[in-house]
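S.K.:
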Amino acid sequence: MRFTAEELDIAKQADLCAVAERMGYSVKRIGHYHTLKEMDSIRIYERSHWCRFSRRYDKGENGGSQIDFLRVFAGMDVKEAVFWLLDFVGYRREESVRKIQNTVPHQRKEEKKKPFVLPKFAGSNVYLYRYLEHERMIARPVIDFFVGKGILYEAKNYHNIVFVGTDRDGVPKFASMRGVFDRNGKGFKCDVAGNDKRYGFHLYYGKSKRVVVFEAAIDLMSYITMFPTDRASMLALGMLADAPLETFLAEHPEVEKIQFCLDNDGPGRKAAASLQQKYTEKGYRTDVFLPPEPYKDFNQWNVEMRKAKEQGKIRENAKVI
Numbered sequence: 002m003r004f005t006a007e008e009l010d011i012a013k014q015a016d017l018c019a020v021a022e023r024m025g026y027s028v029k030r031i032g033h034y035h036t037l038k039e040m041d042s043i044r045i046y047e048r049s050h051w052c053r054f055s056r057r058y059d060k061g062e063n064g065g066s067q068i069d070f071l072r073v074f075a076g077m078d079v080k081e082a083v084f085w086l087l088d089f090v091g092y093r094r095e096e097s098v099r100k101i102q103n104t105v106p107h108q109r110k111e112e113k114k115k116p117f118v119l120p121k122f123a124g125s126n127v128y129l130y131r132y133l134e135h136e137r138m139i140a141r142p143v144i145d146f147f148v149g150k151g152i153l154y155e156a157k158n159y160h161n162i163v164f165v166g167t168d169r170d171g172v173p174k175f176a177s178m179r180g181v182f183d184r185n186g187k188g189f190k191c192d193v194a195g196n197d198k199r200y201g202f203h204l205y206y207g208k209s210k211r212v213v214v215f216e217a218a219i220d221l222m223s224y225i226t227m228f229p230t231d232r233a234s235m236l237a238l239g240m241l242a243d244a245p246l247e248t249f250l251a252e253h254p255e256v257e258k259i260q261f262c263l264d265n266d267g268p269g270r271k272a273a274a275s276l277q278q279k280y281t282e283k284g285y286r287t288d289v290f291l292p293p294e295p296y297k298d299f300n301q302w303n304v305e306m307r308k309a310k311e312q313g314k315i316r317e318n319a320k321v322i
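If you're matching positions, the sequence shown starts at 2 in my numbering and goes up one per residue.
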């Protein structure tokens, strides 16, 4: 089995200090590097690569990447180390998921639904802020807002970002996670077991009779970053099915207008047109607001727009259909 270049890159983004701690070592910081209490000849730089100041070992055992660390100190071969690291950062290969699904096709109906339990908080949101602010370029006040509401936080295991969907009383009903060690929007994504898919990550603004609908929570946050003065309720479906929207409208009957801000790709455009027709027939005022070409979604548009602003350039606005 071969790994893609992207999977190897994801494996090498794992925090080496956290990897060492998981293996039972005591990590301590000394100046601009970290070392291990059990082996003070080890130096970890930038939490990503290591070296050992010793002549007792072969050349290939005196430093390298996270993969080399597991190879030397855990006795793993390269394949085992990469799998371990991908699992550590929360990444799952799609073919592995399909293989698991195909081996137990008759068990699903018999399985009892697991209780819905939110992942434990990591104690800080360091990785969350680093990922959302610097890689997804979400404005820090936007991140602060959702963190402050308690519906956005960093999970203890693997440092995944948790997006929580609540009912109208603020009771968590749904949660999805995404990894922070991926690039180009690819990597680990999943819903928390036992969640109710009739709910979604959202922002309710009671003074507005309009709700803006997105596919993903990061697109929702990107929209607020780009249009901070838009005072409307906002909802992330987490998919293209509209069950969360039906629930939101049932809980907030004052809503009169729906704006669909789905992805600007084939499935997104098709879903937006279908949903617009459905809810227009239900009596709602509707429109579809797409990112401009060539952007696929609102986060991609946000990232490029913020880069352009930093360079003093101006981007065209999206069109309301």
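All C-beta atoms, glycine included, are put in the ideal place defined by N, C-alpha and C.
Just so it is clear, the structure is predicted and the values come from calculations on it, not from any experiment.
Would you kindly check if the distance between the Cβ of ASN300 and the Cβ of ARG137 is under 8 angstroms?
M.R.: Yes, they are a contact pair.
S.K.: With a 10 Å radius around its C-beta and 16 neighbouring C-beta atoms as the bar for buried, classify ASP145 as buried or exposed.
M.R.: Exposed, since its Cβ has fewer than 16 Cβ neighbours within 10 Å.
S.K.: Taking the alpha-carbon positions, what's the ILE259 to ASP288 distance?
M.R.: Rounded to whole angstroms, ILE259 to ASP288 spans 7 angstroms at the Cα level.
S.K.: To which residues of the same chain is TYR206 closer than 7 angstroms at the C-beta, ignoring the five residues directly before and after it?
M.R.: So the qualifying residues of the chain are ARG232, ALA233, SER234.
S.K.: Mapping DSSP to helix, strand and coil, what is LYS258?
M.R.: If DSSP states are grouped into helix, strand and coil, LYS258 belongs with the strands.
S.K.: Counting C-beta neighbours from all protein chains within 10 Å, is the total for MET40 16 or more, i.e. buried, or is it exposed?
M.R.: With fewer than 16 Cβ atoms within 10 Å of its Cβ, MET40 is classed as exposed.
S.K.: Residues in its own chain within less than 7 angstroms of VAL28 by CB, not counting five upstream and five downstream?
M.R.: Hits under 7 angstroms: CYS18, ALA21, GLU22, HIS35, LEU37.
S.K.: Using the three-state DSSP reduction, which class does MET235 fall into: helix, strand or coil?
M.R.: MET235: strand per DSSP, three-state reduction.
S.K.: Express the C-alpha separation of LYS80 and ASN63 in angstroms, rounding to a whole number.
M.R.: Between ASN63 and LYS80, the C-alpha separation is close to 20 angstroms.
S.K.: Threshold first: 3 residues or longer. Then list the beta strand (DSSP E) segments lying entirely within the region 137-197, N to C.
M.R.: DSSP runs (the beta strand (DSSP E)) wholly in the region 137-197: 153-155, 162-167, 173-179, 190-192.
S.K.: Kindly indicate which three-state DSSP category ARG30 falls into: helix, strand or coil?
M.R.: ARG30: strand per DSSP, three-state reduction.
S.K.: How many Å lie between GLU247 and ALA272 at the Cα?
M.R.: Their Cα atoms are separated by approximately 15 angstroms.
S.K.: With ARG307 as the anchor, note down where its alpha helix (DSSP H) starts and where it stops.
M.R.: Segment 299-311, the alpha helix (DSSP H) holding ARG307.
S.K.: In the DSSP assignment, the beta strand (DSSP E) including PHE290 goes from what residue to what residue?
M.R.: That run of the beta strand (DSSP E) goes 286-291.
S.K.: Rounded to whole angstroms, what's the CA-CA distance from GLN102 to ASP192? Just pull it up for me.
M.R.: Confidence at GLN102 is low in this model, with a pLDDT of 40, below 50, so its placement is unreliable and no value can be given for it.
S.K.: Would VAL83 and GLN14 be called neighbours here (beta carbons separated by less than 8 angstroms)?
M.R.: Result no, Cβ atoms of VAL83 and GLN14 do not sit closer than 8 angstroms.
S.K.: Would you kindly work out how many angstroms separate the C-alpha atoms of ALA251 and ALA6, rounded to a whole number?
M.R.: Cα to Cα, the separation comes out at about 46 angstroms.
S.K.: Can you tell me which of ARG3, ASN161, TYR285 puts its alpha carbon nearest to the alpha carbon of PHE122?
M.R.: Closest option to PHE122, Cα to Cα, is ASN161.
S.K.: If you run the structure through DSSP and keep just helix, strand and coil, what is MET227?
M.R.: Helix.
S.K.: Which two residues bound the contiguous alpha helix (DSSP H) that contains SER275?
M.R.: From DSSP, the alpha helix (DSSP H) with SER275 extends over 267-282.
S.K.: Using CA coordinates, which residue listed in ASP197, THR230, ASP243, PHE4 is at the minimum distance from VAL214?
M.R.: When only C-alpha atoms are compared, the closest one is ASP243.
S.K.: Excluding the five sequence neighbours on either side, which residues of its own chain have a C-beta within less than 6 angstroms of the C-beta of PHE249, listed in chain order?
M.R.: Correct list, in chain order: LEU236.
S.K.: Given a cut-off of 8 angstroms on the beta-carbon distance, is the pair TYR285 and GLU257 in contact?
M.R.: A contact, by the Cβ cut-off of 8 angstroms.
S.K.: Checking the sheet assignment: what are the DSSP bridge partners for PHE215?
M.R.: The partner list for PHE215 (beta bridge, DSSP) reads ALA237, CYS262.
S.K.: Quick one: using the 10 Å Cβ neighbour count with 16 as the cut-off for buried, is ILE225 buried or exposed?
M.R.: ILE225 comes out buried.
S.K.: Would you decide whether ASN196 is buried or exposed? Buried here means 16 or more other CB atoms lie within 10 Å of its CB.
M.R.: Flag for ASN196 reads buried.
S.K.: Out of LYS208, ILE68, PHE74, VAL143, which has the shortest C-alpha to C-alpha gap to ASP220?
M.R.: Nearest option by C-alpha distance: VAL143.
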